[in-house]
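Trainee: I'd like to ask you about the structure that follows.
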Amino acid sequence: MAFRDTKSKIIIKTPEQIEGIRLSSILAAQTLEIVAPYVKQGVTTDFLNKICADFMLANKAIPATKGYNGYPKESCISVNDVVCHGIPGKYELRDGDIVNIDVTTILNGFFGDTSRMYLVGEVSEHAKKLVKVTKECLAIGINQCISGTPINNIGYEINKHATAHGYSTVYEFCGHGVGIKFHEEPEVCHIADKNTGPILAPGMIFTIEPMINAGKARCKIDRKDGWTARTIDGKLSAQFEHTICITKGKPFVLTDISNEFEIPESVF
Ligand code: MF3
Ligand code: CO
Ligand code: CO
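Residue numbers (my numbering): 1109 to 1376.
What follows is the structure, given as structure tokens:
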């Protein structure tokens, strides 16, 4: 006989917590907007990190990544074949680069987590298409965020879309519950079996952050810095991330400040 896990540690957030996480999420999204005009050829990723860090600190937020499990910087900046957790440094952006910036804010103790892609100068058609499809993957995942749906339908639909375009879905890094801590339950896989996993319910808050690769799905971690994850075959990777609150109706995308997604009337 199989046992069901009845002791899920998925936090159902209170209205007060949701409001705090909403404000932090807006600040994280604003950080990605503020840095956008600086993402240009010749600029170092360290400089972009400083723009992000200064904005977060000026708005009374703590950049959550700095010191997290020893991570050294206030953002993650992942260029081209870097899948995630790229450490800002002396690298100067070049024409044709595709760049992900990922920031997590702690505002009044609440966490908001988001990332997006930026294109540097003239980007090849195949890179542009990877970025476009990855953004679609996130939107498709968000559309699955309806109360009563098994959580793994998110990853099932994301991977279906990625593979339909000949891409592969990274399975070594996942989305995650967020808000009270940086990484909470549940784990949100971006490739998964349909109709499995915990059932979504109003007040759950988690990220969806698909990493989609042009070639093989496998990643390797840089031996020297212990963080930078690159594609095993050196091909391109793209990622977008939002923090999402499940409601009784449509999903509430807390890090969406450009009105791409509808704002639902109430959570409960
Ligand atoms: N912000 C990343 C995420 O989306 C996590 C970065 S952890 C770090 O979950 F230590 F690398 F900063
Ligand atoms: Co995240
Ligand atoms: Co993130």
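Ideal Cβ placement from N, Cα and C applies to all residues, glycine included.
How big is the Cα-Cα spacing for Lys1268 and Cys1184?
Mentor: 27 Å
Trainee: Closest by CA to Ile1313, which one among Lys1198, Ala1270, Phe1360?
Mentor: Phe1360
Trainee: At 3 residues or longer, what runs of the beta strand (DSSP E) sit wholly inside the segment 1269-1322?
Mentor: 1283-1285, 1292-1296, 1313-1316, 1319-1321
Trainee: Is it buried or exposed, Asp1371, if we count other Cβ atoms within 10 angstroms and call 16 or more buried?
Mentor: Correcting the residue type first, residue 1371 is Ile in the shown sequence and not Asp. Burial call: exposed.
Trainee: Looking at Ala1166 and Thr1213, is the spacing between their C-beta atoms short of 8 Å?
Mentor: No; because the gap between Cβ atoms is not below 8 Å, this pair is not in contact.
Trainee: Once the 5 residues before and after Glu1349 are set aside, which same chain residues still bring their CB inside 6 Å of it?
Mentor: Thr1222, Ser1223, Thr1315, Glu1317
Trainee: Pick out whichever of Asp1333, Arg1338, Val1296 has its Cα sitting closest to the Cα of Cys1327.
Mentor: It is Arg1338.
Trainee: So what does DSSP say about Ser1186, is it helix, strand or coil?
Mentor: In the three-state reduction of the DSSP assignment, Ser1186 falls in the strand class.
Trainee: Counting C-beta neighbours from all protein chains within 10 Å, is the total for His1193 16 or more, i.e. buried, or is it exposed?
Mentor: buried
Trainee: So Phe1219 and Gly1287 are supposed to be a Cβ contact under 8 Å. How far apart are they, rounded?
Mentor: The Cβ separation is near 6 Å, so the contact holds.
Trainee: Do you know how far the Cα of Gly1357 is from the Cα of Gly1197?
Mentor: 43 Å
Trainee: So His1350 is in the beta strand (DSSP E); what residue range does that whole segment cover?
Mentor: 1350-1353
Trainee: Rank Asn1188, Ile1159, Thr1351, Lys1181 by C-alpha distance to the C-alpha of His1420 and give the top, closest one.
Mentor: Since the displayed the chain opens at 1109 and closes at 1376, residue 1420 lies outside it and no answer follows.
Trainee: Measuring CB to CB, does Ile1207 end up less than 8 Å from Val1296?
Mentor: At residue 1207 the sequence reads Val, which differs from the Ile that was named. For the pair Val1207 and Val1296, the CB atoms are not nearer than the 8 Å cut-off.
Trainee: For ligand 3, any of its heavy atoms closer than 7 Å to the Cβ of Ser1116?
Mentor: no
Trainee: Within a Cβ cutoff of 8 Å, which residues of the same chain sit near Ser1116, ignoring the five residues on either side of it in sequence?
Mentor: So the list reads Glu1293, Pro1294, Pro1306, once near-sequence residues are dropped.
Trainee: Buried or exposed for Ala1172, going by 16 or more other Cβ atoms inside 10 Å?
Mentor: When all chains shown are included, Ala1172 counts as buried.
Trainee: Assign Thr1153 to one of two classes, buried (16 or more other C-beta atoms within 10 Å of its C-beta) or exposed (fewer than that).
Mentor: By the 10 Å Cβ count, Thr1153 comes out buried.
Trainee: Does Pro1180 pass the burial test, meaning 16 or more other C-beta atoms within 10 Å, or should it be called exposed?
Mentor: exposed
Trainee: Where Ile1129 and Ala1144 are concerned, what is the direct C-alpha to C-alpha distance, given to the nearest angstrom?
Mentor: Ile1129 and Ala1144: Cα-Cα distance of roughly 23 Å.
Trainee: Given this structure, state the Cα-to-Cα distance separating Lys1332 from Asn1177, to the nearest angstrom.
Mentor: 16 Å
Trainee: DSSP beta-bridge partners for Asp1210?
Mentor: Cys1184, Ser1223
Trainee: Any idea which residues DSSP pairs Lys1328 with across the strands?
Mentor: Arg1338
Trainee: Under the three-state reduction of DSSP, which class applies to Cys1253: helix, strand or coil?
Mentor: coil
Trainee: Based on the DSSP output, what are the partners of Thr1242 in its beta bridges?
Mentor: According to DSSP, Thr1242 bridges with nothing at all.
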